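Have a look at the structure below before the remarks.
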Amino acid sequence: MKNLGNLMKQAQDMQKKMGEMQAKMQEMEISGSAGGGMVEVIINGKGEMRRLTIDKSIVDPEDKEMIEDLVVAAFNDAKAKAEQAMQEQMQEITGGLKLPPGMNLPF
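With UniProt numbering, the residue at position 50 of the sequence shown is 50, and numbering never jumps.
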């Protein structure tokens, strides 16, 4: 039974660290860009967009599709960076423990 108590304590510690990591990720700001920096998106570690900046030199009412594509590309760039930061944080918490495929904690 001593091992079970130890396991429960480790699980509680990991849960606490996960909560702290989620709070930290919420406050983190990650930048993604596209079009050579003409479009920049800032998201938090949870993937929520905080800011969008579009260089006025690319604003052409006749070519709105290009701006839309650049916004999507900039967001995807930021999202990939956020996911990488999340993985790094998870490795710190789990001590490098490999989680089963598809188990993307905490979300």
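We treat Cβ as the ideally placed atom computed from N, Cα and C, and that holds for glycine. Note that the structure is predicted; figures quoted are calculated from it, not measured.
The alpha-carbon separation between Glu68 and Ser31 amounts to approximately 17 Å. Only residues of its own chain outside the window of five on either side were considered, and among them Asn44, Gly45, Ala85 have a CB closer than 7 Å to the CB of Met28, listed in chain order.
In this structure Lys79 does not touch Gly36 by the C-beta definition: roughly 19 Å separates them, more than the 8 Å allowed.
Taking 4 residues as the minimum length, the region 7 to 69 contains no alpha helix (DSSP H) run wholly inside it. In the assembly as shown, Met25 is a buried residue. Its beta-carbon has 16 or more other beta-carbons within 10 Å.
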